[in-house]
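Peer 1:
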Amino acid sequence: MTGDWSVHFDAGGFGSADTQVAITQRGHDVVFHNASGAPGYVGAIDPATGEFHFRQVGQGIRCTFEPLDGTVAPGGNTFSGTGYSSVSTATQCFAIFFTATGTRGHCSDGAIEGGEECDDGNQAAGDGCNASCRVEPCHTCSGEPSVCTPTPGTPCDDHNPCTVNDICNGTSCGGIPVADGTACDDEANCTNGTCAAGACSPAGAFVCPPCMGCEVGSGCIAAPRTCGQSTDRSKSVLSLSNLSDDGHDKLAWVWPRGETTTLAQLGNPLATDSYALCLYDLSGTRPALLFRAMAPAGGTCAGRSCWKAHGSGGFSYVDPDRTPDGIARIGLHAGPAGKARVSVTAIGSHLSGRPFGLPSPALPLPLLLQLGAEHAACFETTYVGTGVLRNDPTSGRFRARGN
Numbered sequence: 054m055t056g057d058w059s060v061h062f063d064a065g066g067f068g069s070a071d072t073q074v075a076i077t078q079r080g081h082d083v084v085f086h087n088a089s090g091a092p093g094y095v096g097a098i099d100p101a102t103g104e105f106h107f108r109q110v111g112q113g114i115r116c117t118f119e120p121l122d123g124t125v126a127p128g129g130n131t132f133s134g135t136g137y138s139s140v141s142t143a144t145q146c147f148a149i150f151f152t153a154t155g156t157r158g159h160c161s162d163g164a165i166e167g168g169e170e171c172d173d174g175n176q177a178a179g180d181g182c183n184a185s186c187r188v189e190p191c192h193t194c195s196g197e198p199s200v201c202t203p204t205p206g207t208p209c210d211d212h213n214p215c216t217v218n219d220i221c222n223g224t225s226c227g228g229i230p231v232a233d234g235t236a237c238d239d240e241a242n243c244t245n246g247t248c249a250a251g252a253c254s255p256a257g258a259f260v261c262p263p264c265m266g267c268e269v270g271s272g273c274i275a276a277p278r279t280c281g282q283s284t285d286r287s288k289s290v291l292s293l294s295n296l297s298d299d300g301h302d303k304l305a306w307v308w309p310r311g312e313t314t315t316l317a318q319l320g321n322p323l324a325t326d327s328y329a330l331c332l333y334d335l336s337g338t339r340p341a342l343l344f345r346a347m348a349p350a351g352g353t354c355a356g357r358s359c360w361k362a363h364g365s366g367g368f369s370y371v372d373p374d375r376t377p378d379g380i381a382r383i384g385l386h387a388g389p390a391g392k393a394r395v396s397v398t399a400i401g402s403h404l405s406g407r408p409f410g411l412p413s414p415a416l417p418l419p420l421l422l423q424l425g426a427e428h429a430a431c432f433e434t435t436y437v438g439t440g441v442l443r444n445d446p447t448s449g450r451f452r453a454r455g456n
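Per my numbering: the sequence shown ends with 456, consecutive numbering throughout.
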């Protein structure tokens, strides 16, 4: 890849940019030098396949994820790739995804070479041939040096998800703004996009399913919380049976002798606070969600309220039909340290045959089981090898004491 390259970056509704870079390759190692001569991207390439993996040099970058991955075309004169750059707020980093296309050769010498679409002898933008020797929207170009002519009135794409009926107006492409509040793709996977004044902007955090959270660059991933512990974890027992007959599948968990838990901490499952049972695999470099079951707030089960309040003592959940995810009973008991208790029983075919359904032993270890509501308390127990009493793939049964 050694030589001068013209590179076009396109981030859709967030805009595009053209730049000249000098690339140096020594064996597998590659360095992009920007206009000032300082390193921009660094990384490695496989000379046999042309596949490369680069990362932005971290000078002044608070959000450290800045990859560019792609492939150099056969012949070595063009490359294409995808990446994302970071935009930071005071508390978060957001990813803006882009495509990158590169053309070997020094753009602006007046000769069309390599993968250049045009070359008008300069690096000025807005004259029909941009700084990467690409024909700009609403123009046609021909000759060497290229002569570019506007094409007003022709359909075009302004790459703005918040406009429609795009058409060339003079030398620029534009469309009619859609109504404010229209949902749009802001190309950031942890925010919801909304159109306002013809532009797509982040408008609130993307909400992941229970037991998960959003990570910039990855999307929804397993996200254990920090939850209350039993004061005697060895008494917190998890039993699981995944049998050939799904109707006999079962999960039971007790969290006795818990930390101090007030009634207020339990939230209001009668109306607003749904509880989620989450089982995580902690054996890898990051948690993985194995199982999830929900007990929705409010609702009617077999003609009666699913949830029942017990004064200052807490709440109970009973669902004879065990819908939607197999939970039959939950007990939430407030109390001082050593007196608070939680229990869950889930039975039957609704446990299995769905995403994040009941896993089959042998289960990976360590395991983390949590029960909680998004805006209320949560409770947890960790299970490792020393507490495992049974983890039998033949019988499909697992039983363990907390650690």
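By construction, the Cβ of each residue, glycine as well, lies at the ideal position given by its N, Cα and C atoms.
Does DSSP put K288 in a helix, in a strand, or in coil?
Peer 2: helix
Peer 1: By Cβ distance below 6 Å, which residues in the same chain neighbour S396 in space, the five residues on each side in sequence not counted?
Peer 2: V307 and G384
Peer 1: In its own chain, which residues sit with a C-beta less than 7 Å from the C-beta of A164, not counting the 5 before and 5 after it?
Peer 2: D172 and E197
Peer 1: For the beta strand (DSSP E) holding M54, just list the boundary residues, first then last.
Peer 2: From DSSP, M54 is part of no beta strand (DSSP E); its letter is neither H nor E.
Peer 1: Pull up the CB-CB distance for D210 and C226, whole angstroms please, since I reckon it's below 8 Å.
Peer 2: 7 Å
Peer 1: In angstroms with no decimal places, state the Cα-to-Cα distance between A415 and T447.
Peer 2: 9 Å
Peer 1: Compare the C-beta of A178 against all C-beta atoms of chain D and say whether one is closer than 8 Å.
Peer 2: The displayed structure is made up of one protein chain only, and chain D is not part of it.
Peer 1: Who are the near neighbours of H81 in its chain, counting only those whose CB is closer than 8 Å to its CB and skipping five residues on each side?
Peer 2: A97, I98, D99 and P100
Peer 1: In chain order, which alpha helix (DSSP H) runs of at least 4 residues are fully inside the region 268 to 356?
Peer 2: Here no run is fully enclosed.
Peer 1: Could you tell me how far apart the beta carbons of A341 and L330 are, in whole angstroms, since I believe they sit closer than 8 Å?
Peer 2: In fact, because the Cβ distance is near 16 Å, the residues do not count as touching under 8 Å.
Peer 1: With C221 as the anchor, note down where its beta strand (DSSP E) starts and where it stops.
Peer 2: T216 to N222
Peer 1: Just confirm the distance between the C-beta atoms of H61 and S185, as a whole number of angstroms; I'd bet it's less than 8 Å.
Peer 2: 4 Å
Peer 1: In chain order, what residues of the same chain have a beta carbon less than 6 Å from the beta carbon of T398, not counting five sequence neighbours either side?
Peer 2: A305, A381 and R382
Peer 1: Please classify T51 as buried or exposed, where buried requires at least 16 other C-beta atoms within 10 Å of its C-beta.
Peer 2: A query on residue 51 cannot be resolved here, the shown segment of the chain reaching from 54 to 456 and no further.
Peer 1: I need the straight-line Cα distance from A241 to P373, nearest angstrom please.
Peer 2: 42 Å
Peer 1: Note down, one range per segment and in chain order, each beta strand (DSSP E) of at least 3 residues found wholly within the region 381 to 421.
Peer 2: 393 to 400
Peer 1: Can you tell me whether S294 is buried or exposed, with buried defined as 16 or more other CB within 10 angstroms of its CB?
Peer 2: buried
Peer 1: Please report the straight-line C-alpha distance between V290 and N456, rounded to a whole angstrom.
Peer 2: 10 Å
Peer 1: Cα separation between E189 and G181?
Peer 2: 5 Å
Peer 1: Taking V217 as the reference, give the member of G228, T224 and A249 with the closest Cα.
Peer 2: That would be G228, whose Cα lies nearest to the Cα of V217.
Peer 1: Considering just the uninterrupted stretch of the beta strand (DSSP E) at I76, what are its terminal residues?
Peer 2: S69 to R79
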